[in-house]
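Student: Residue numbers (the UniProt record's numbering): 1 to 79. Mind having a look at this structure? Questions to follow.
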């Protein structure tokens with residue numbers, strides 16, 4: 001992956017907010033729970049992409065739930 005400064009800035013903000021929310025949730029603040037397991041960030045708008053990658057604007061954030069592993073998937077199956 002290649003990235004430019006503004007992209008890194010967006011990713012860094014998301015990582016910091018995720019870390020803070022995780023620590024607060026663990027400390028007993030359930031209102032800080034993240035809305036999903038996977039986050040998509042719109043870094044470059046690409047019209048016509050299929051859902052869930054059809055983000056409409058830069059910096060748009062979409063949360064997705066965790067899905068069960070797919071058979072034969074090298075990423076989501078245990079080695």
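All residues carry an ideal CB built from backbone N, CA and C; glycine is no exception.
Quick check: what's the CA-CA separation for residue 35 versus residue 65?
Tutor: Roughly 8 Å between the two C-alpha positions.
Student: For residue 58 and residue 10, what's the separation of their Cα atoms in angstroms?
Tutor: Near 10 Å, if we compare the C-alpha coordinates of residue 10 and residue 58.
Student: At what residues does the alpha helix (DSSP H) containing residue 90 begin and finish?
Tutor: The shown model of the chain, from 1 to 79, leaves out residue 90, and the question about it has no answer.
Student: What are the start and end residues of each continuous beta strand (DSSP E) run of 3 or more residues lying completely inside the stretch 27-76, in chain order?
Tutor: The stretch 27-76 contains these whole beta strand (DSSP E) runs: 38-41 and 61-64.
Student: For residue 23, count neighbouring C-beta atoms within 10 Å of its own C-beta (all shown protein chains included) and say buried if the count is 16 or more, exposed if not.
Tutor: It counts as exposed.
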